[in-house]
Ligand SMILES: [Zn+2]
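Numbering (this note's numbering), first residue to last: 77 to 331.
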């Protein structure tokens with residue numbers, strides 16, 4: 077029997093947790109050499125994540141790499157669950173996110189403090205009360221310790237991911253957001269919040285985009301690739317029409 081593997085077809089992509097309106101997708105990538113998780117969900121989901129892994133015959137110690145698309149609290153809450161894993165994240169994104177959370181948590185008026193980090197905030201017409209509620213919820217859930225120990229970090233700006241995994245810069249939802257393109261037999265883009273959901277109108281309780289026009293352009297560019305997408309807050313889908321060819325009435329897809 078002849079075993080022929082190429083670098084481009086030896087990955088599989090499996091959902092561990094499918095993202096919802098509140099929590100992020102957590103996605104397992106497996107090759108002969110590596111077991112990788114992209115995004116680790118809310119800290120509240122630790123036991124769900126362990127259960128999902130065990131259903132696939134894996135333990136947290138079997139994971140050797142965690143990758144974060146960005147560092148909103150619903151995407152990185154269980155990084156420390158994996159005792160052997162290196163943690164790949166953007167150095168710039170970490171700096172921005174730590175500063176953002178520190179500023180709004182310390183502020184008497186988080187709706188003002190947030191404007192420094194979300195320059196388009198005023199144009200979204202949110203009530204101050206809404207922003208204060210979001211701040212309170214984020215403060216209850218955010219624990220920078222759960223990002224992981226610094227000696228585990230590998231910066232996406234400089235580190236190489238295993239062969240077959242490609243970092244796509246996908247800014248807009250946050251300034252330094254990335255997506256991971258997986259060279260599986262059917263290529264997959266694990267998009268994080270660069271694509272919140274297949275349905276652009278779906279209700280997702282997440283932050284407003286850092287830069288709305290950039291977010292929309294990034295989303296369109298990812299959909300236009302035509303490759304299967306794991307969105308940040310919904311089930312995987314495959315766009316079947318390029319934006320130019322989308323018929324009136326909207327995009328269709330097959331599972
Ligand atoms: Zn997010």
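Backbone N, C-alpha and C define an ideal beta-carbon position, used for all residues, glycine too.
Just so you know, these numbers come straight off a predicted model, no measurement behind them.
Could you please give the first and the last residue of the uninterrupted beta strand (DSSP E) stretch that includes residue 89?
-> Element bounds for residue 89: 88-93.
Applying the criterion that 16 or more other CB atoms from any shown protein chain within 10 Å of the CB defines a buried residue, is residue 255 buried or exposed?
-> With 16 or more other Cβ atoms from the protein chains shown falling within 10 Å of its own Cβ, residue 255 counts as buried.
Express the C-alpha separation of residue 109 and residue 218 in angstroms, rounding to a whole number.
-> Between the alpha carbons of residue 218 and residue 109 lies a distance of about 32 Å.
If you draw a straight line from the alpha carbon of residue 191 to that of residue 263, how long is it in whole angstroms?
-> So the alpha carbons of these two residues sit roughly 38 Å apart.
Could you tell me the boundaries of the beta strand (DSSP E) in which residue 267 lies?
-> Segment 264-268, the beta strand (DSSP E) holding residue 267.
Contact check, residue 308 vs residue 275 under 8 Å by CB: the rounded distance?
-> No, residue 308 and residue 275 are not in contact; Cβ-Cβ is about 13 Å, not under 8 Å.
Three-state secondary structure (DSSP) of residue 220 = If DSSP states are grouped into helix, strand and coil, residue 220 belongs with the helices.
Supposed close pair residue 129, residue 92 - CB separation, criterion 8 Å | Separation of the CB atoms of residue 129 and residue 92 is rounded to 7 Å, and the pair is thereby assigned contact status at 8 Å.
Determine, using beta-carbon pairs with one atom in the stretch 121-136 and one in the stretch 292-306, whether at least three such pairs fall under 8 Å.
-> Verdict: no, contact absent.
To which residues of the same chain is residue 257 closer than 7 Å at the C-beta, ignoring the five residues directly before and after it?
-> Excluding residues within five positions, the ones whose Cβ falls inside 7 Å are 242, 244, 263, 265.
Between the Cα of residue 104 and the Cα atoms of 120, 139, 119, which residue gives the shortest distance?
-> Restricting attention to 120, 139, 119, the CA atom closest to the CA of residue 104 is found in 139.
Considering only residues of the same chain and omitting the five flanking positions on each side of residue 200, which have a CB-CB separation below 6 Å?
-> Answer for residue 200: 284, listed in chain order.
With C-beta atoms as the reference, is residue 141 less than 9 Å away from residue 237?
-> Yes, these two residues count as a Cβ contact at 9 Å.
Please indicate yes or no: does the CB of residue 308 lie closer than 8 Å to some heavy atom of ligand 1?
-> At least one heavy atom of ligand 1 sits closer than 8 Å to the Cβ of residue 308.
Backbone secondary structure at residue 149 - three-state DSSP | Reduced to three states, the DSSP call for residue 149 is coil.
Below 6 Å CB to CB, which residues in the same chain sit around residue 149 once its five sequence neighbours on both sides are set aside?
-> Close CB contacts of residue 149 within its chain, under the 6 Å cut and outside five residues either way in sequence, are with 214, 217, 218 (chain order).
Would you call the stretch 153-168 and the stretch 181-196 touching, i.e. three or more CB-CB distances under 8 Å?
-> Cβ pair count under 8 Å is below three, so no.
Span of the beta strand (DSSP E), counted from its first residue to its last, around residue 229 = For residue 229, the enclosing beta strand (DSSP E) begins and ends at 229-231.
With hydrogens ignored, establish whether the beta-carbon of residue 268 is closer than 8 Å to any heavy atom of ligand 1.
-> Residue 268 Cβ: within cutoff of ligand 1.
Note down, in chain order, each residue of its chain lying with its Cβ closer than 7 Å to the Cβ of residue 134, except the 5 sequence neighbours on either side.
-> Beyond the five residues adjoining it in sequence on each side, residue 134 comes within less than 7 Å, by CB distance, of 111 in the same chain, given in chain order.
Where residue 136 falls: helix, strand or coil (DSSP) = In this structure, residue 136 counts as helix in the three-state DSSP scheme.
Given a threshold of 16 other Cβ atoms within 10 Å of its Cβ, counted over all protein chains shown, does residue 315 qualify as buried or as exposed?
-> Buried, because 16 or more other Cβ atoms sit within 10 Å of the Cβ of residue 315.
When DSSP labels each residue in this structure, what does residue 103 get in the three-state scheme?
-> Strand.
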